[in-house]
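Q: Numbering (the numbering used here), first residue to last: -13 to 375.
(1) Check the DSSP bridge columns for residue 230 and list the partner residues they point to.
(2) Across the stretch 180 to 194 and the stretch 87 to 101, are there enough close Cβ pairs to call them in contact, namely three or more that are closer than 8 Å?
(3) Should residue 227 be flagged as near chain B, meaning a C-beta pair shorter than 9 Å?
(4) Would you decide whether residue 261 is buried or exposed? Buried here means 16 or more other CB atoms lie within 10 Å of its CB.
(5) Could you tell me which residues DSSP puts in a beta bridge with residue 351?
(6) Anyone know if the C-beta pair for residue 288 and residue 227 falls short of 9 Å?
(7) Please name the residue in 370, 345, 346 and 341 whose C-alpha comes closest to that of residue 356.
(8) Going by C-alpha to C-alpha distance, which of 368, 116, 138 and 347 sits closest to residue 59?
(9) Name the two residues that bound the continuous alpha helix (DSSP H) containing residue 201.
(10) Could you check if residue 317 is buried or exposed, using at least 16 other CB atoms within 10 Å of its CB as the buried criterion?
(11) DSSP three-state label for residue 81, please.
(12) Let me confirm a value: residue 148 is counted as buried when at least 16 other C-beta atoms fall within 10 Å, else exposed. Which label applies?
(13) Classify residue 284: buried if its beta carbon has 16 or more other beta carbons within 10 angstroms, exposed otherwise.
(14) Could you tell me which of 48, 66, 215 and 266 sits nearest to residue 221, measuring between CA atoms?
(15) For the candidate residues 257, 311 and 327, whose alpha-carbon lies nearest to that of residue 295?
(16) Return the first residue and the last residue of the alpha helix (DSSP H) that residue 161 is part of.
(17) Taking residue 35 as the reference, which of 336, 358 and 362 has the closest Cα?
(18) Runs of 3 residues minimum, wholly inside the stretch 36 to 96: which ones carry the beta strand (DSSP E) assignment?
(19) With a Cβ-Cβ cutoff of 9 Å, do residue 72 and residue 307 count as a contact?
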């Protein structure tokens, strides 16, 4: 009986030990299987697979690493302007009261177009002086010709002839002077008579353009030194840039310029250096650079006085790059999708972190291009949507 009980107890203990072992090993196998599955899922999730139909329907494109010229860029600021001959500050040559004015800033004006009218009684006196001089001139001319004829016949003295000539030439000069003065206030002396003298004259624009500022008002007295209206012609708009002294040696004539307006940062305009100033502002230590637009037809889209942010392109170097659309930024990191496999029905891509340098003309430099050497093609158009899904 004792022997039986002893063997029975041994059997139970053996059974318990065996059961525990099975549970332990079973648990280990389950844990290992779960970890392997997780690793496989994580590995497979790194690859992005799309069907050929999806690739074509989304108009995706493949691209390759390229070697392109990248220029060194000098960032500068400046503004749009026009040459001095395309700007006019208009005032009256003679003082007077503003009679009528109906112009507004932004209004287009043609050369010779009336800006405002000015009234002054002195204008009548100027016209009277001209008509009187014109009348005397006719008499003095006849007297001069008569004395010349008499001198030929030796009827008069040379002194009388010379006096008649001097009187005639002096009045001729006086009339010419008065004629010029009347022209300054837009009065045609050739059409002037005693019946059409006037005290109100028109002040006209000397150039085609647009009115910038109107400082005159109806009824105000306008002195000759006062600027009443400013007009600007933007047909030959150019760019004026400020370059610091330390960057002067980088400047050359015909260097390319790319600039954008502060209110249109996505639109890039192109220009080139036309002139480089040979003097320097003492206070700011800057050099003025004058640039011309490559397409002057764009002048209609620009306004003189606009501030610009520009880059002057200097020497260029060959750099490895990818199309800008192939690089996607996610959580402050840049990625590209490299083609890892392709068959008749699908494309497979693997995301690779890249270090991006500068971006120019739609291409971004890749600083760690040696890590991409095993791949020949990358997803260009469409990479953004796949990486951010």
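By construction, the Cβ of each residue, glycine as well, lies at the ideal position given by its N, Cα and C atoms.
A: Quick answer:
(1) According to DSSP, residue 230 bridges with 272.
(2) Here the stretch 180 to 194 makes contact with the stretch 87 to 101; the two share three or more CB pairs at distances below 8 Å.
(3) The structure shown contains no chain B, having only a single protein chain.
(4) It counts as exposed.
(5) Residue 351 is bridged to 307.
(6) No, the Cβ-Cβ distance between residue 288 and residue 227 is not below 9 Å.
(7) Answer by Cα proximity: 341.
(8) When only C-alpha atoms are compared, the closest one is 347.
(9) Where residue 201 is concerned, there is no enclosing alpha helix (DSSP H), because DSSP gives it neither an H nor an E.
(10) It counts as exposed.
(11) DSSP, read as helix, strand or coil, puts residue 81 in coil.
(12) Its Cβ having fewer than 16 others within 10 Å, residue 148 is exposed.
(13) With fewer than 16 Cβ atoms within 10 Å of its Cβ, residue 284 is classed as exposed.
(14) The residue among 48, 66, 215 and 266 with its C-alpha nearest the C-alpha of residue 221 is 66.
(15) Selection 257, 311 and 327 evaluated against residue 295 yields 257 as nearest (Cα-Cα).
(16) First-last of the alpha helix (DSSP H) with residue 161: 144 to 170.
(17) Taking only the C-alpha atoms, the option nearest residue 35 is 336.
(18) You should have 52 to 67, 73 to 76 and 82 to 87.
(19) Contact: no.
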